[in-house]
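Colleague:
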Amino acid sequence: MNHPNCEVEVFYDGECPLCLREIRMLRWMDRKQRILFTDIAREGFSPEAYGKGMDELMGEIHGRLPDHTWITGVEVFRRLYSAVGFKTLARITRLPILSGLLDFGYRAFAKYRLRLTGRCSPSDGCKTPLRRKRDISQE
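Under our numbering, think of the first position of the sequence shown as 870, with each following residue one higher.
#1: Quick check on the DSSP output: the beta strand (DSSP E) that includes PHE906 runs from which residue to which?
#2: Which same chain residues end up closer than 7 Å to GLY922 when comparing Cβ atoms and leaving out the 5 residues on each side of it in sequence?
#3: Is it buried or exposed for GLY932, if we count other Cβ within 10 angstroms and need 16 for buried?
#4: Please tell me whether LEU949 and VAL879 are closer than 8 Å, where the distance is taken between their beta carbons.
#5: Would ILE892 and PHE914 qualify as a contact pair, given that the criterion is a beta-carbon distance under 8 Å?
#6: Quick one: what does DSSP say ARG976 is sitting in, helix, strand or coil?
#7: Output needed for ASN874: all residues of its chain with C-beta closer than 7 Å, excluding positions within five of it in sequence on either side, in chain order.
#8: Which residues bound the alpha helix (DSSP H) around THR957?
Written out as structure tokens, the structure reads:
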């Protein structure tokens, strides 16, 4: 991460319609450029360059802090929303009951997101997303 103001790098699936909607909103809200956006679905992306496997990155959202510490799941969203000015909201999501509910909800979404977004490969039981050409210029 060679971005001077960067607070978090997010590794997102640019072929996931729901994920892209949120990423586009975060890009728009990130006026101070505190987030580095890395699309793991773009051609040429190499998870090995980050010491990760594609299945691992596709399994749940990943983030990386400036000190190269990896974070996953709801914690990534807390950091993203803190970076764009919603620090109080992020703190509230750490309350024990709310945190547990959010973690449970996100794990359920992550487990079924390929199926929910119509991106399963029927031949392997939804373990591999269908690859589609997309217009990267829309990001």
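Glycine included, every Cβ here is placed at the ideal spot set by N, Cα and C.
Modeller: Let's see:
#1: 904 to 908
#2: PRO916
#3: buried
#4: yes
#5: no
#6: helix
#7: LYS901, GLN902, ARG903
#8: 956 to 961
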